[in-house]
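For the record, in the sequence shown the residue sitting at position 78 is 77 according to numbering that gives the first Met the number 0, with numbers rising by one throughout. We put the CB at the ideal spot given by N, CA and C, even for glycine.
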Amino acid sequence: MVQTQTITLDSDGGFATINVTDPLRELLAASGIRAGLATVYYQHTTGGVLVTEQEAGVLADLEDVLQELIPVERDYRHHLRAVDFNGHAHIRAALFGPSVTIPVADGQLLLGRYQEILVLDMQTERAPRSVVLQILGE
């Protein structure tokens with residue numbers, strides 16, 4: 000059986016982290032699936048999905064390291080189109096990837112004690128973002 004739901008997230012962009020663990024748990028509970036896989040897929044090229052502790056220090060450190068490695072202010076070739084100036088967001092997104100998959104057993108996500116599923120939106124402006132939640136199993 001497969002259950003799929005697309006949710007829309009409001010994001011301020013820049014370096015927005017949005018926790019999607021609870022919506023995924025809700026879909027899993029409604030599906031009745033007891034064993035399988037749960038996937039979160041971000042439908043954009045300027046962000047990604049990661050599993051980490053949602054703690055202010057961890058997130059601030061992550062933002063600082065990304066700024067050191069891939070600064071917003073750099074001149075990116077992507078900017079030559081003069082359409083948008085979000086080259087940094089595309090490069091940063093490539094480090095994370097657009098999805099994560101979590102095992103499901105006994106009707107529960109097999110996340111560790113401090114693990115949360117976060118969507119990381121690094122687009123330059125505020126915009127709605129689409130995220131696909133999918134449960135595959137029996």
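Measuring CA to CA, which of the options is closest to residue i?
i	options	result
residue 73	79, 80 and 87	87
residue 12	92, 54, 136 and 104	92
residue 65	95, 43, 52 and 55	95
Could you name the residues of the same chain whose beta carbon sits closer than 7 Å to that of residue i, not counting the 5 residues immediately before and after it, in chain order?
i	result
residue 15	120
Tell me which residues share the same chain as residue i and place their Cβ nearer than 8 Å to its Cβ, disregarding the 5 neighbours each side in the sequence.
i	result
residue 78	84 and 86
residue 99	38, 39, 48, 49, 50 and 116
Report, in whole angstroms, the separation of the C-beta atoms of residue i and residue j, which I expect to be a contact under 8 Å.
i	j	result
residue 19	residue 130	6 Å
residue 82	residue 34	Contact doesn't hold; Cβ gap of about 46 Å is too wide.
residue 9	residue 127	6 Å
residue 7	residue 122	Not really, about 14 Å apart at Cβ, beyond 8 Å.
residue 106	residue 27	7 Å
With a threshold of 6 Å on Cβ separation, who are the neighbours of residue i within its own chain once the five nearest residues in sequence on each side are excluded?
i	result
residue 3	133
Helix, strand or coil for residue i per DSSP?
i	result
residue 69	coil
residue 64	helix
residue 56	helix
residue 86	helix
residue 120	strand
Tell me, please, which residues DSSP counts as bridged to residue i.
i	result
residue 130	6 and 41
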